[in-house]
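Undergrad: Let me begin by handing over the structure; questions about it come next.
What follows is the structure in structure tokens.
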């Protein structure tokens, strides 16, 4: 069974799985802030995992980079896409363990479709204010490498996501085609996906990418869900993570509401939109926090 790392600080409690470096449990004063799953797995709907070296989808499981066309495994078989990167189904190695933090590492070695090498390090740090995750990627290969990342927490604010009040401070929404790839970028005004003011999700099923993220006075963008049992938020700097996938709602098939701050939109390996290109020896870092409300 994958090793579990227990973190505590005041009323906050977390369990981090060695598998996928995932946030398997996160609680505040006994209240679940994320959807959990058994320590032995399986992991449902990528719950709590890290997504790298790309988040979301690579359309058709193929892309061209540096003049070379690469073919990835199409693990979203129904749509023919490559979904959620290469590290959401592997065991990460512990590097440093403390009462309220754990640091894990994983090396991405060249594979068919991604012939690049990356050293990934993640720090999960629990405080009384929430769980902050920092993911660092270093290109340890000899060639430039395309890169993107995101987390995949499913936030809980009760049993029925339709009763959640949702706040997404975003001015634009990316409407998908039938393969869940970008079709058009629209102003949220007049769409069912305008959550710039908190409102009940109701029967709206969301599986959309948002951008034009508005920061608060502290420079952080905050996506919030509230329900009968309280609230949860994910906060991050939109200058580093300028996109967010929000997924869930009544009838979506899983508990909670997924909120995934992303460095790039779906299919960025093909569009190049906000794609990070890591030169040999170069490092990039992203960070986000899940907090109770």
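Numbering (our numbering), first residue to last: 27 to 319. Idealized CB from N, CA, C, for every residue including glycine.
(1) Does DSSP put residue 170 in a helix, a strand or coil?
(2) What residue range is occupied by the uninterrupted alpha helix (DSSP H) comprising residue 295?
(3) With distances taken Cα to Cα, identify the nearest neighbour of residue 257 among 64, 174 and 190.
(4) How is the beta strand (DSSP E) around residue 91 delimited, first residue to last?
(5) Note the first and the last residue of the continuous beta strand (DSSP E) segment covering residue 271.
(6) Within the same chain, show all residues whose beta-carbon is closer than 8 Å to that of residue 303, passing over the 5 residues directly before and after it, in chain order.
(7) Helix, strand or coil: how does DSSP classify residue 71 here?
(8) DSSP three-state call for residue 189: helix, strand or coil?
(9) Just to confirm, is the Cβ distance from residue 144 to residue 137 under 8 Å?
(10) Indicate the three-state DSSP secondary structure (helix, strand or coil) for residue 257 in the structure shown.
(11) Which residue marks the beginning of the beta strand (DSSP E) containing residue 127, and which one marks its end?
(12) If you compare alpha carbons, which of 119, 89, 110 and 150 is closest to residue 32?
(13) Using 8 Å as the cut-off, can you tell me whether the region 223-230 makes contact with the region 91-105, which would need three or more C-beta pairs spanning the two stretches below that distance?
(14) Specify the secondary structure class of residue 326 as computed by DSSP and reduced to three states.
(15) In this structure, does DSSP put residue 216 in helix, strand or coil?
TA: If we stick to the structure as given:
(1) coil
(2) 294-297
(3) 190
(4) 88-91
(5) 269-274
(6) 170, 171, 172 and 173
(7) helix
(8) helix
(9) no
(10) strand
(11) 127-134
(12) 150
(13) no
(14) Because the chain spans 27 through 319 in this model, residue 326 falls outside it and cannot be assessed.
(15) coil
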